[in-house]
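Taken in sequence, the protein lines are chains U and E. Whatever position you read off the first sequence (first residue = 1), add 5 for this note's numbering. Whatever position you read off the second sequence (first residue = 1), add 1 for this note's numbering.
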Amino acid sequence: MAVLSQSTAAGAEARVPDRFVSALKDAGFAALVTLGLCVPLVTLRTDSEEGGELILVPRLGLTAALCLAIFFARLGYLLLWGKEARAARQPTSRKEAIKTVATPRHSLTTIGLPIALGFAIAYPLLVTVINGGLSEARYWIDLGILVLTYVMLGWGLNIVVGLAGLLDLGYVAFYAIGAYSYAILATTFHISFWVCLPIAGMLAATWGVLLGFPVLRLRGDYLAIVTLAFGEIIRLVLINWVPVTNGGAGIASIPRASFFGLPFNDDDDGFAAFFHLEFSPMHRIVFLFYLILALATLTSVVTTRLRRLPVGRAWEALREDEIACRSLGINTTTTKLSAFATGALFGGLAGSFFAVRQGFVSPESFNFLESAIILAIVVLGGMGSQIGVVIAAAVMIAGPEMLRNLGFLKAIFGENFDPSEYRLLIFGLAMVVMMIWRPRGLVSTREPTVFLKERKSISSDLVKEGHG
Amino acid sequence: MKGETLLRVEHLTMRFGGLVAVNDLSFTAKAGDITALIGPNGAGKTTVFNCITGFYKPSEGRVALAHGGEAAFAAIEEATEKGARTLSVGDGAIHLLERMPDYIVTQHARVARTFQNIRLFSGMTVLENLLVAQHNPLMLASGYSVLGILGFSSYTTRQREAVELAKAWLERIGLTERADDPAGDLPYGAQRRLEIARAMCTKPILLCLDEPAAGLNPRESLELNTLLRDIRDRDETSLLLIEHDMTVVMEISDHVVVLDYGVKIADGSPEQVKNDPKVIGAYLGVEDEEVAAVEAEVEGRA
Numbered sequence: 006m007a008v009l010s011q012s013t014a015a016g017a018e019a020r021v022p023d024r025f026v027s028a029l030k031d032a033g034f035a036a037l038v039t040l041g042l043c044v045p046l047v048t049l050r051t052d053s054e055e056g057g058e059l060i061l062v063p064r065l066g067l068t069a070a071l072c073l074a075i076f077f078a079r080l081g082y083l084l085l086w087g088k089e090a091r092a093a094r095q096p097t098s099r100k101e102a103i104k105t106v107a108t109p110r111h112s113l114t115t116i117g118l119p120i121a122l123g124f125a126i127a128y129p130l131l132v133t134v135i136n137g138g139l140s141e142a143r144y145w146i147d148l149g150i151l152v153l154t155y156v157m158l159g160w161g162l163n164i165v166v167g168l169a170g171l172l173d174l175g176y177v178a179f180y181a182i183g184a185y186s187y188a189i190l191a192t193t194f195h196i197s198f199w200v201c202l203p204i205a206g207m208l209a210a211t212w213g214v215l216l217g218f219p220v221l222r223l224r225g226d227y228l229a230i231v232t233l234a235f236g237e238i239i240r241l242v243l244i245n246w247v248p249v250t251n252g253g254a255g256i257a258s259i260p261r262a263s264f265f266g267l268p269f270n271d272d273d274d275g276f277a278a279f280f281h282l283e284f285s286p287m288h289r290i291v292f293l294f295y296l297i298l299a300l301a302t303l304t305s306v307v308t309t310r311l312r313r314l315p316v317g318r319a320w321e322a323l324r325e326d327e328i329a330c331r332s333l334g335i336n337t338t339t340t341k342l343s344a345f346a347t348g349a350l351f352g353g354l355a356g357s358f359f360a361v362r363q364g365f366v367s368p369e370s371f372n373f374l375e376s377a378i379i380l381a382i383v384v385l386g387g388m389g390s391q392i393g394v395v396i397a398a399a400v401m402i403a404g405p406e407m408l409r410n411l412g413f414l415k416a417i418f419g420e421n422f423d424p425s426e427y428r429l430l431i432f433g434l435a436m437v438v439m440m441i442w443r444p445r446g447l448v449s450t451r452e453p454t455v456f457l458k459e460r461k462s463i464s465s466d467l468v469k470e471g472h473g
Numbered sequence: 002m003k004g005e006t007l008l009r010v011e012h013l014t015m016r017f018g019g020l021v022a023v024n025d026l027s028f029t030a031k032a033g034d035i036t037a038l039i040g041p042n043g044a045g046k047t048t049v050f051n052c053i054t055g056f057y058k059p060s061e062g063r064v065a066l067a068h069g070g071e072a073a074f075a076a077i078e079e080a081t082e083k084g085a086r087t088l089s090v091g092d093g094a095i096h097l098l099e100r101m102p103d104y105i106v107t108q109h110a111r112v113a114r115t116f117q118n119i120r121l122f123s124g125m126t127v128l129e130n131l132l133v134a135q136h137n138p139l140m141l142a143s144g145y146s147v148l149g150i151l152g153f154s155s156y157t158t159r160q161r162e163a164v165e166l167a168k169a170w171l172e173r174i175g176l177t178e179r180a181d182d183p184a185g186d187l188p189y190g191a192q193r194r195l196e197i198a199r200a201m202c203t204k205p206i207l208l209c210l211d212e213p214a215a216g217l218n219p220r221e222s223l224e225l226n227t228l229l230r231d232i233r234d235r236d237e238t239s240l241l242l243i244e245h246d247m248t249v250v251m252e253i254s255d256h257v258v259v260l261d262y263g264v265k266i267a268d269g270s271p272e273q274v275k276n277d278p279k280v281i282g283a284y285l286g287v288e289d290e291e292v293a294a295v296e297a298e299v300e301g302r303a
């Protein structure tokens, strides 16, 4: 069997250059046709000059851009979805391949996370070198912090939605509880961040259990609506409970995190002085980056371990079939509550981080859109997949930021075109396409938690989404 | 304690609004027996199962299970009056199943069940299915996840034992080769066997099987008979099964209870039941002139 598959792979490799050359030819031809069509239609534009006189404006740049776009689009299509590409991909027995895919030794899941972690550790250094200075790289490090925050939130929600199959539309409530816990404890009682962090997590988990109790009997759509309402209730409480939360004005000047007691300032007892560095406000930003990286890594490690424990298996079993779970003596109530509480715990930790980073919290940061984005990250990444969430968070959060740099589109649509107005449209289209192309998310296969002889990924066809 | 009474169902009645699905049903099942519950479609067999396994709360009646021999039934009235779910009697205990939620029935009273439409965790592997069934002891060993997260070896040892038990069952149902495949990928007959093995991994003293032979071909039916007899003889588990396939029922059961319209119409050995005119009437219908007599009989019972 193994020999057979190797020889097939070798055959496929031999065909690749041929396929590439023919696709190149085809794409070149398509570009030529485009050029032919463009010359009469696009290249010259008539315009009226001030005196009402007609003049011809040459638009060579646009013509070139269109030809190139067609070339690459055709090339990409042929290589990825063309008849030959599909034939090369087609396994001998299609049914077999859909159901169980023997995981290649270096699967995305097994090596994806270490690679992502390595990249994240090197990231501040990388952007510093590229941008030629720490201060110049601030935008990129800030973006990295933002993405990591959402990776952590995505992983937290993944426990509830991806593993236990409970649709939670109000996850941002726990994020808010964590943020306000730190904000209030730090401004009122002057408790240090490192003490507040676990307290905030515990408070969020407690609220997770409190929310869990009344909603456990609900399933599917009903559960989604109740959790949605819970998110809104928390936000309204934050707005209206003015004596404690300061209402819509929010809580400002929240104490910043210190480096285990060393504040990030240019005093003699500050971080820079202690390590004999020249003071830079960027130290704090880099520290925050590594802090959220550590928190996110903690989330991932705990989740991965929980999955291999009985409670994690019970969560997944609950997603697959709740009635069967009960027939096996599993207390589904406590199992659901534990999923809610664990998810909420990580949401609370991320919330604390949010508060310490911003130095300011207000109810406006915790609206439904946040819940929707976090849920979209989980769904887009593939429910239950760790690396999928990382990719989806990077795409969802950094993607719209990258789309700000659409200046080149001005060459096509003219100077009056403001590309940043269209970034959400483009983004929405990309999500729709994504859901058509991979409805079960980027990484849709499920990794078994235990195996006898061989670890085989399980196709998403068999894995259920849960009914709430 | 083979031959002693294990399960006693008394005056069990289940009403859904105006519909009486089970009406004043009483029967017993003996330890070490295969007891079959048969009857035409809609007779209320699955409802009885759901009442025994805690999925339904019966409208009336008592379902008592004895651990450690029928001597435990001596305490049945005491337990009922005290409002207790469980009462220890000497080495054994009496469990009043109608008072327990479904998962407690499996966890404490050790009654496991399978379903008419297979309910496997199709997206999990065969081995994982068998490990989920050992949730409660594993949960305890993992210190309710706390010790497990910290990587204590006590859990690792316990998990290895759980895998060994799963392997033993895979061997018995002939699915060792497919241990790492998703359960939803197995052929139908294998899924039926896996569901039985999964229920057995909870180490039950009473295993309730809801139509285990449904959809099996004759060869698979024969294999199933062998497996069920094997469970009865080798494990400390008695069986209660609902079945339509009469070859299975007549071949393997030691005791048959026949239901029709929620009422027990016969109770005895397979031979007795097979020749009972009421059973024949319920399954095949009766001659026109006998209808009145049968109706009078049924009303008399109700």
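We treat Cβ as the ideally placed atom computed from N, Cα and C, and that holds for glycine.
- Item | Amino acids of chain E, ordered along the chain, whose beta-carbon sits closer than 7 Å to that of G334 of chain U | The residue labelled residue 334 of chain U in the question sits at position 329 within the first sequence. Chain E residues near G334 of chain U: Y104, T107, Q108, H136, N137 and T203.
- Message: Check for me: the alpha helix (DSSP H) holding M157 of chain U runs from which residue to which?
- Response: Here the question's residue 157 of chain U lines up with position 152 in the first sequence. Note, M157 of chain U: alpha helix (DSSP H), R143 to N163.
- How big is the Cα-Cα spacing for N421 of chain U and Y427 of chain U? Reading the first sequence from its first residue, position 416 is the one you call residue 421 of chain U. Reading the first sequence from its first residue, position 422 is the one you call residue 427 of chain U. Counting only the Cα atoms, Y427 of chain U lies some 13 Å from N421 of chain U.
- Query: Should the segment 158-167 of chain E be regarded as contacting the segment 7-19 of chain E, the criterion being three or more beta carbon pairs within less than 8 Å?
  - Reply: no
- Item | Those runs of the beta strand (DSSP E) which lie wholly inside the segment 20-93 of chain U and span at least 3 residues | Runs of the beta strand (DSSP E) inside the segment 20-93 of chain U: 49-53 and 59-63.
- Determine the extent of the alpha helix (DSSP H) in which G149 of chain E is found, giving its start and end residues. As a position in the second sequence, residue 149 of chain E is number 148, starting the count at 1. Counting along the chain, the alpha helix (DSSP H) containing G149 of chain E begins and ends at V147 to I150.
- Which residues, in order along the segment 214-239 of chain E, keep a beta-carbon less than 9 Å from a beta-carbon of chain U? none
- Message: Which same chain residues end up closer than 7 Å to L122 of chain U when comparing Cβ atoms and leaving out the 5 residues on each side of it in sequence?
- Response: Taking the first residue of the first sequence as 1, we reach residue 122 of chain U at position 117. So the qualifying residues of the chain are T302.
- According to the Cβ coordinates, are I204 of chain U and L190 of chain U closer than 8 Å? As a first step, residue 204 of chain U must be located in the first sequence, where it is residue number 199. As a first step, residue 190 of chain U must be located in the first sequence, where it is residue number 185. In contact: I204 of chain U and L190 of chain U (Cβ atoms closer than 8 Å).
- Under three-state DSSP, which class holds E11 of chain E? Counted from its first residue, the second sequence places residue 11 of chain E at position 10. It is a strand residue.
- Message: Helix, strand or coil for I119 of chain E? Go by DSSP, reduced to three states.
- Response: Start at 1 with the first residue of the second sequence, and residue 119 of chain E comes out as number 118. Looking at I119 of chain E - three-state DSSP - the assignment turns out to be coil, as it is neither helix nor strand.
- Boundaries of the alpha helix (DSSP H) in which N137 of chain E is found, first to last residue: Taking the first residue of the second sequence as 1, we reach residue 137 of chain E at position 136. Note, N137 of chain E: alpha helix (DSSP H), H136 to A142.
- Task: Have a look at L118 of chain U and V177 of chain U and give me their C-alpha separation to the nearest angstrom.
- Result: By 1-based counting over the first sequence, the position of residue 118 of chain U is 113. By 1-based counting over the first sequence, the position of residue 177 of chain U is 172. Their backbone Cα atoms lie some 25 Å apart in a straight line.
- Near-chain E residues of the segment 438-461 of chain U - C-beta to any C-beta below 9 Å: R451, P453, T454, V455, F456, L457, K458, E459, R460 and K461
- Pick out whichever of E:V64, E:G190 and E:L20 has its Cα sitting closest to the Cα of V10 of chain E. Looking up residue 10 of chain E in the second sequence gives position 9. Of the candidates E:V64, E:G190 and E:L20, the one whose C-alpha sits nearest the C-alpha of V10 of chain E is E:V64.
- Message: Does L26 of chain E come out as helix, strand or coil in the three-state DSSP assignment?
- Response: As a working mapping, residue 26 of chain E is identified with position 25 in the second sequence. Residue state, collapsed to three classes: strand.
- What distance in whole Å lies between the Cβ atoms of I182 of chain U and G348 of chain U, which are believed to be in contact at a cut-off of 8 Å? What you label residue 348 of chain U is simply residue 343 of the first sequence in a count that begins at 1. What you label residue 182 of chain U is simply residue 177 of the first sequence in a count that begins at 1. Contact flag wrong, Cβ pair sits at about 12 Å.
- Query: Does any C-beta atom of chain E lie closer than 8 Å to the C-beta of A322 of chain U?
  - Reply: As a working mapping, residue 322 of chain U is identified with position 317 in the first sequence. Yes, contact with chain E.
- Item | E61 of chain E - partner residues in DSSP beta bridges | Along the second sequence, one-based indexing puts residue 61 of chain E at 60. Beta-bridge pairing links E61 of chain E to E:T14.
- Run the CB neighbour count on I379 of chain U, radius 10 Å, all protein chains shown included, and call it buried at 16 or more, exposed below. The residue labelled residue 379 of chain U in the question sits at position 374 within the first sequence. Buried.
- Query: Would you call M247 of chain E buried or exposed, if buried means 16 or more other Cβ atoms sit within 10 Å of its Cβ?
  - Reply: As a position in the second sequence, residue 247 of chain E is number 246, starting the count at 1. Exposed: under 16 other Cβ atoms inside 10 Å.
- Message: If the cut-off is 9 Å on Cβ atoms, which residues from the segment 119-143 of chain U count as contacting chain E, listed in chain order?
- Response: none
- Going by alpha carbons, who is nearest to F28 of chain E out of E:E129, E:K3, E:A167 and E:L66? In the second sequence, residue 28 of chain E corresponds to position 27, counting from 1. The residue with the shortest Cα to Cα distance from F28 of chain E is E:L66.
- Task: Pull out every residue of the segment 170-183 of chain E whose Cβ sits closer than 7 Å to any Cβ of chain U, in chain order.
- Result: For the segment 170-183 of chain E, which is checked against every Cβ of chain U, the residues closer than 7 Å are A180, D181, D182 and P183.
- Query: Going along chain E in order, which residues have a C-beta closer than 7 Å to the C-beta of P315 of chain U?
  - Reply: Position 310 of the first sequence, counting from 1, holds the residue named residue 315 of chain U. By Cβ distance, chain E contributes H136, L139, M140 and S143.
- Item | Closer than 8 Å to chain E by CB, A3 of chain U | Look at the range of chain U in this structure, 6 to 473, and you will see that residue 3 of chain U is not part of it.
- Is the CB of T87 of chain E under 8 Å away from at least one CB in chain U? Taking the second sequence and counting its residues from 1, one reaches residue 87 of chain E at position 86. No - not a single Cβ of chain U is within 8 Å of the one on T87 of chain E.
- Task: Starting from F122 of chain E, find everything on chain U with Cβ-Cβ shorter than 8 Å and list it in chain order.
- Result: Taking the first residue of the second sequence as 1, we reach residue 122 of chain E at position 121. Going along chain U in sequence order, the residues near F122 of chain E (Cβ under 8 Å) are E321, A322, E325, D326 and A329.
- Query: Taking all protein chains shown into account, do 16 or more other C-beta atoms lie within 10 angstroms of the C-beta of K341 of chain U, making it buried, or fewer, making it exposed?
  - Reply: Translated into the one-based positions of the first sequence, residue 341 of chain U becomes position 336. Burial call: buried.
- Query: Taking one C-beta from the segment 33-53 of chain E and one from the segment 251-259 of chain E each time, how about it: are there three or more such pairs within less than 8 Å?
  - Reply: yes
- Runs of alpha helix (DSSP H) lying entirely within the segment 211-298 of chain U, each at least 4 residues, in chain order: 225-245, 247-250 and 276-279
- Rounded to a whole number of angstroms, what is the C-alpha to C-alpha distance between D231 of chain E and R324 of chain U? Indexing the second sequence from 1 puts residue 231 of chain E at position 230. Indexing the first sequence from 1 puts residue 324 of chain U at position 319. Between D231 of chain E and R324 of chain U, the C-alpha separation is close to 33 Å.
- Between L4 of chain U and L354 of chain U, is the Cβ-Cβ spacing less than 8 Å? For residue 4 of chain U there is no data in the structure shown, the boundaries of chain U being 6 and 473.
- Report buried or exposed for P315 of chain U, applying the criterion of at least 16 other Cβ atoms within 10 angstroms of its Cβ. As a working mapping, residue 315 of chain U is identified with position 310 in the first sequence. Within 10 angstroms of the beta-carbon of P315 of chain U lie 16 or more other beta-carbons, which makes it buried.
- Item | Residues sharing a beta bridge with K31 of chain E, DSSP | Here residue 31 of chain E is taken as the residue at index 30 of the second sequence, counted from 1. E:T6.
- Message: If I measure Cβ to Cβ from C201 of chain U and keep anything under 8 Å in the same chain, skipping five residues before and after, which residues do I get?
- Response: Taking the first sequence and counting its residues from 1, one reaches residue 201 of chain U at position 196. Closer than 8 Å at Cβ, skipping near neighbours: S186, Y187, L190, A191 and S357.
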